[in-house]
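Inspection log for the structure reproduced underneath, given as structure tokens.
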Amino acid sequence: MPDTVMARPADARGAPAFVRAEGLSRYFDVSPPLLNRLLEGKPRQILRAVDGIDFAIGKGETFSLVGESGCGKSTVARLMVGLYRASRGTVEFDGHDFGRMTSRRAMAPIRSRIQMIFQDPYASLNPRWRVREIIAEPIRAYKLLSGDQAINARVDELLRQVRLTPADGVKFPHEFSGGQRQRISIARALASNPEFLVCDEPTSALDVSVQAQILNLMKDLQRELGLTYLFISHNLAVVYHISDRVGVMYLGRLAEVAPARTLFRQPRHPYTRMLLDTIPDMDMTGRQRTPVAGEVPSPINPPSGCSFHPRCPFANDRCKTERPNPIQQGDALIACHGVEEGRVPDGPIGTAQAA
Amino acid sequence: MQNAPLLRVEDLKVEFPTRRGRLVAVDGVSFDIAPGEVLGVVGESGAGKSMTGSAIIGLLEPPGRIAGGSISLDGRRIDNLPYEEMRKIRGKHIGAIFQDPLTSLNPLYSVGKQLVETIETHSDLSPTQARERALALLREVGIPAPERRIDQYPHQFSGGMRQRVVIALALCANPRLIVADEPTTALDVSIQAQIIALLKRLCREHGTAVMLVTHDMGVIAETADRVAVMYAGRVAEIGPVRDVIKNPKHPYTVGLMGSIPRIGRDEERLTQIEGSMPRLTEIPTGCAFNPRCPLVFDRCLRDRPDLIDVGPFHRVSCWKYAEGVGHA
Chain D
148 MPDTVMARPA
158 DARGAPAFVR
168 AEGLSRYFDV
178 SPPLLNRLLE
188 GKPRQILRAV
198 DGIDFAIGKG
208 ETFSLVGESG
218 CGKSTVARLM
228 VGLYRASRGT
238 VEFDGHDFGR
248 MTSRRAMAPI
258 RSRIQMIFQD
268 PYASLNPRWR
278 VREIIAEPIR
288 AYKLLSGDQA
298 INARVDELLR
308 QVRLTPADGV
318 KFPHEFSGGQ
328 RQRISIARAL
338 ASNPEFLVCD
348 EPTSALDVSV
358 QAQILNLMKD
368 LQRELGLTYL
378 FISHNLAVVY
388 HISDRVGVMY
398 LGRLAEVAPA
408 RTLFRQPRHP
418 YTRMLLDTIP
428 DMDMTGRQRT
438 PVAGEVPSPI
448 NPPSGCSFHP
458 RCPFANDRCK
468 TERPNPIQQG
478 DALIACHGVE
488 EGRVPDGPIG
498 TAQAA
Chain L
113 MQNAPLLRVE
123 DLKVEFPTRR
133 GRLVAVDGVS
143 FDIAPGEVLG
153 VVGESGAGKS
163 MTGSAIIGLL
173 EPPGRIAGGS
183 ISLDGRRIDN
193 LPYEEMRKIR
203 GKHIGAIFQD
213 PLTSLNPLYS
223 VGKQLVETIE
233 THSDLSPTQA
243 RERALALLRE
253 VGIPAPERRI
263 DQYPHQFSGG
273 MRQRVVIALA
283 LCANPRLIVA
293 DEPTTALDVS
303 IQAQIIALLK
313 RLCREHGTAV
323 MLVTHDMGVI
333 AETADRVAVM
343 YAGRVAEIGP
353 VRDVIKNPKH
363 PYTVGLMGSI
373 PRIGRDEERL
383 TQIEGSMPRL
393 TEIPTGCAFN
403 PRCPLVFDRC
413 LRDRPDLIDV
423 GPFHRVSCWK
433 YAEGVGHA
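These protein sequences, in sequence, are chains D and L.
Here the first sequence stands for residues 148 to 502, where the numbers follow the numbering used here.
Here the second sequence stands for residues 113 to 440, where the numbers follow the numbering used here.
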């Protein structure tokens, strides 16, 4: 590992970063067609799906990104596996910056070490292939093993690793339930011996009892294989359960990054606190939820300054004009002028309006 | 629970005739809902919860059909009515809210036109009065600037606002019962909280009974007075929401509650119910949960359990609680 990476700690514990994003941005051009722009004088429009975010993940760690739809978390997932190229900033994996690598050849040495699990286990498996072929594909593509016998033995091992049986290999995806299909996706992702897995809402399409099976499996595999996870989800309870550290995203930016326990026990950023307030109270403590007012604005024309200011009860003029930078507060990084200036009181936010 | 029930479902059975035989999607389901009460119906995909809801509003998709039992609204049977008569009851007495607000709204008509049309169908208000009522409804469900929004089309609304419009549509004729099938599943968490608060408020203010179908225990905990847990087309457990969540009795409910990750509870592993719910073609004899049940004994494989009282209003279909087997 190069010194530059070693020198910068990933988190408060001082572990070196294994994966790092710096100033990572991804813009999409959503302008009207050229002719409309010329004839109707419509302007260019740039959607800033991810707008300058920094985070680092230590080896063997689970880092999660949470946020509502349109906050850019899935775009980050795609950037982290190289499915999108970064518009700005860098993505480092084990010392290689691949955020803007353009050729397949440049990507090749790290490609097999990063894999992704998608949300929809119905759409991400080829329905015409047998499970055995689906799982063997990465092995053949990266030429990791040669000879059918060796490949078959490896596929059997992978099937067992995800708690399926080698006999399941001859079946087609439609013969499996959603949870079993997600197991097949995981087996395929593991086939190339990856070190870093990006999981984009892996359990969101599953029933809770099946979700529990998959989450347990993911934790077991992490322990057995020393995997590093980037976990994307909108479900805060799932994120609490699986993560070491959590980043809260809002409109393409990180509002707060903190260890999971800290974030959920003592959320600091007004958006994090608002988000935590929306979680249904399963323990029936009779806590009155304050429903959050307003909705996420369009990322095409995000509000100026801090993009959360129109929904924030603590916003002042500075918040409306100046974009806050993440500031270290204890073991958390918080991008909020109010927290920095100490004008955001602790305790629940009581000013939100009823629905 | 104290009042006379508004909706009574008794031994409801829904079947699908297929080439490979009849599939029973809902098998002997009974419950009732009192005015002003929210009954949550929870279960995993394929448990039959949506099918029960569709049967009540008379919108089962053929070849699905009610094969037994009865549904009565205010003492009047509604499961065997001719289509036209049921159509009048649906809308006037029963409102429906579905998961995807976009499919419940006609994209070609403005929101106002759809509301006014529904109001005029179910009342004898003049067009001007109907529009006034539509505006009042939009205001009631929390749509800002309804005067401006009423003439806009569904695509001009956000997901959360669309669901509010659907709720306004369901309320048009002041229904006695609302069947809400996964009303918040397609929405973001912050919007979900708003919609739940809205449903609760409307139910309280109008005394409307609500059947809330969802897979999300959190939503049930927030909203419902009582909850029915469904498994493989049957009611596994039914009771006051606090009892069922805090002190579940059926082994399936126990497993289900343990499998939900919770904030603040530091557990290395979640409780896991092995296997998955049986397909409709492969429902085992006896108790449908027996292949996955950690407490299974010989009677579970042989006889199907009925709902047994385990507390005030709390009933469980599990042989473990039957007389003479030994209470746990």
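We treat Cβ as the ideally placed atom computed from N, Cα and C, and that holds for glycine.
For residue i and chain D, any beta-carbon pair shorter than 8 Å?
{"i": "D212/L", "result": "no"}
{"i": "T156/L", "result": "The sequence shown places Glu at residue 156/L, not Thr. Judged by the 8 Å Cβ criterion, E156/L is in contact with chain D."}
{"i": "A333/L", "result": "yes"}
{"i": "H318/L", "result": "no"}
{"i": "L151/L", "result": "no"}
{"i": "I357/L", "result": "yes"}
{"i": "G224/L", "result": "no"}
{"i": "S166/L", "result": "no"}
{"i": "V301/L", "result": "yes"}
{"i": "R132/L", "result": "no"}
{"i": "T385/L", "result": "Correcting the residue type first, residue 385/L is Ile in the shown sequence and not Thr. It does: the Cβ of I385/L has a partner Cβ on chain D nearer than 8 Å."}
{"i": "H362/L", "result": "no"}
{"i": "L249/L", "result": "no"}
{"i": "R381/L", "result": "yes"}
{"i": "P373/L", "result": "yes"}
DSSP on residue i, reduced to helix/strand/coil?
{"i": "C399/L", "result": "coil"}
{"i": "S235/L", "result": "coil"}
{"i": "G367/L", "result": "helix"}
{"i": "Q476/D", "result": "strand"}
{"i": "Q262/D", "result": "strand"}
{"i": "L281/L", "result": "helix"}
{"i": "M396/D", "result": "strand"}
{"i": "P406/D", "result": "strand"}
{"i": "A248/L", "result": "helix"}
{"i": "G224/L", "result": "helix"}
{"i": "C483/D", "result": "coil"}
{"i": "H267/L", "result": "helix"}
Answer yes or no: does any C-beta atom of chain L fall closer than 8 Å to that of residue i?
{"i": "V223/D", "result": "no"}
{"i": "S356/D", "result": "yes"}
{"i": "F210/D", "result": "no"}
{"i": "S216/D", "result": "yes"}
{"i": "H381/D", "result": "yes"}
{"i": "P268/D", "result": "no"}
{"i": "I264/D", "result": "no"}
{"i": "H388/D", "result": "yes"}
Kindly indicate the opening and closing residues of the alpha helix (DSSP H) around residue i.
{"i": "K358/L", "result": "V353 to K358"}
{"i": "I204/D", "result": "Note, I204/D: premise wrong, no alpha helix (DSSP H); beta strand (DSSP E) at I193 to G205."}
{"i": "D464/D", "result": "D464 to T468"}
{"i": "D428/D", "result": "From DSSP, D428/D is part of no alpha helix (DSSP H); its letter is neither H nor E."}
{"i": "H388/D", "result": "L383 to I389"}
{"i": "G203/L", "result": "Y195 to K204"}
{"i": "G236/D", "result": "Taken as a continuous stretch (DSSP letters only), G236/D belongs to no alpha helix (DSSP H), being part of the beta strand (DSSP E) at R235 to F240."}
{"i": "G326/D", "result": "G325 to L337"}
Can you name the residues that DSSP bridges to residue i?
{"i": "K161/L", "result": "DSSP lists no partner for K161/L."}
{"i": "A321/L", "result": "L289/L"}
{"i": "G89/L", "result": "Residue numbering for chain L in the displayed model covers 113 to 440; residue 89/L lies beyond these limits and cannot be assessed."}
{"i": "T209/D", "result": "Y376/D"}
{"i": "L111/L", "result": "Because chain L here runs from 113 to 440, residue 111/L falls outside it and cannot be looked at."}
{"i": "S216/D", "result": "In DSSP, S216/D forms no bridge with anything."}
{"i": "V331/L", "result": "Answer is none; V331/L lacks a bridge partner."}
Tell me whether the beta-carbon of residue i lies closer than 8 Å to the beta-carbon of residue j.
{"i": "V150/L", "j": "A336/L", "result": "yes"}
{"i": "A340/L", "j": "F401/L", "result": "no"}
{"i": "I168/L", "j": "M369/L", "result": "no"}
{"i": "L419/L", "j": "L289/L", "result": "no"}
{"i": "L281/L", "j": "L214/L", "result": "no"}
{"i": "A255/D", "j": "I375/L", "result": "no"}
{"i": "A196/D", "j": "T237/D", "result": "no"}
{"i": "P266/L", "j": "L217/L", "result": "yes"}
{"i": "G345/L", "j": "D191/L", "result": "no"}
{"i": "A333/L", "j": "D428/D", "result": "yes"}
{"i": "I481/D", "j": "R415/D", "result": "yes"}
{"i": "G254/L", "j": "R276/L", "result": "yes"}
{"i": "A288/D", "j": "Q308/D", "result": "no"}
What are the boundary residues of the beta strand (DSSP E) that includes residue i?
{"i": "M76/L", "result": "The requested residue 76/L is not part of the displayed model; chain L covers only 113 to 440."}
{"i": "L426/L", "result": "The amino acid at residue 426/L is misidentified as Leu; the sequence shows His. Residues H426 to V428."}
{"i": "I420/L", "result": "I420 to G423"}
Give a single yes or no on whether residue i has its beta carbon closer than 7 Å to a heavy atom of the ligand NAP.
{"i": "T468/D", "result": "Only the bare structure without any ligand can be found here, which leaves the ligand NAP out of the picture."}
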